[in-house]
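Numbering (my numbering), first residue to last: 299 to 540.
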């Protein structure tokens with residue numbers, strides 16, 4: 299099991315999330331633009347709205363709210379929460395190219411939430427609300443992330459579950475292994491199950507193969523060190539909060 303760490307302040311830490319790692323492995327320039335670049339005037343990151351991103355964010359938000367109510371909210375309340383948030387991202391603000399596209403994505407979101415609510419009772423008891431999880435990889439490199447669902451199995455072990463709203467299935471569960479490392483090191487309990495739930499086409503979660511986390515941890519250390527070296531080589535300040 300991944301050992302639990304003391305939470306200590308690390309000055310000028312390099313924060314790395316799974317999403318940032320994926321951006322770097324796909325294209326280092328994409329990583330820079332999405333995770334390092336700041337607008338010279340506003341100081342904010344570059345963010346480009348897209349319909350899939352808006353859909354995923356709002357569906358996840360509605361599910362998170364439902365879990366925060368200890369699962370007592372009705373389906374109507376969950377749908378209402380989703381609709382109210384949707385109003386804030388109409389048109390171009392949400393990355394929609396037309397009214398028809400917005401309607402199509404909105405319909406998909408409603409169907410996913412209905413599917414989730416219908417089958418949510420099959421989920422284990424979830425760990426109470428918590429913030430971003432952190433794990434010091436090496437030196438000043440800190441892995442961080444926020445899990446969609448962290449369930450407690452009958453034997454006390456943990457279940458990592460990630461809700462998916464996209465059209466493609468995940469081929470490599472490195473995201474789940476990353477979250478498993480964070481969960482074990484922060485909660486001091488072993489992870490025995492990792493899964494994806496494809497909300498638009500499945501009524502249940504799809505379990506992935508849980509490989510030894512120690513091997514995945516070494517891989518993460520190697521890849522994040524590559525990010526640090528690339529930032530240093532480009533002489534870019536890399537002290538950025540998550």
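For every residue, glycine included, the Cβ atom is placed at its ideal position computed from N, Cα and C.
- Where residue 380 is concerned, the enclosing alpha helix (DSSP H) starts and stops at 373-384.
- By the Cβ criterion, the segment 423-431 is in contact with the segment 448-460, since at least three pairs of Cβ atoms, one from each stretch, lie closer than 8 Å.
- Note on residue 513: under 16 other CB atoms within 10 angstroms of its CB, so exposed under the neighbour-count rule.
- Distance from the CA atom of residue 477 to the CA atom of residue 309, rounded to whole angstroms, is 24 Å.
- Around the CB of residue 502, fewer than 16 other CB atoms lie within 10 Å, so the residue is classed as exposed.
- In this model, residue 318 and residue 406 are separated by some 27 Å (Cα to Cα).
- DSSP places residue 317 within a helical segment (H, G or I) once states are collapsed to three.
- Around the CB of residue 473, 16 or more other CB atoms lie within 10 Å, so the residue is classed as buried.
- For residue 506, the enclosing beta strand (DSSP E) stretches over residues 504-506.
- Taking 8 Å as the cut-off, the Cβ atoms of residue 356 and residue 438 do not count as close.
- One Cα belongs to residue 492, the other to residue 471, and the distance between them is close to 9 Å.
- Distances from the CA of residue 465 to each of 351, 487, 486 and 434 were compared; the closest alpha carbon is that of 351.
- Pairing residue 361 with residue 307 gives a Cβ-Cβ distance that is not under 8 Å.
- Scanning 314, 329 and 315 for the CA closest to the CA of residue 321 turns up 329.
- Burial state of residue 379 is buried, judged by a 10 Å Cβ sphere holding 16 or more other Cβ atoms.
- Contact check for residue 480 and residue 443: beta-carbon distance about 5 Å, within the 8 Å limit, so the pair qualifies.
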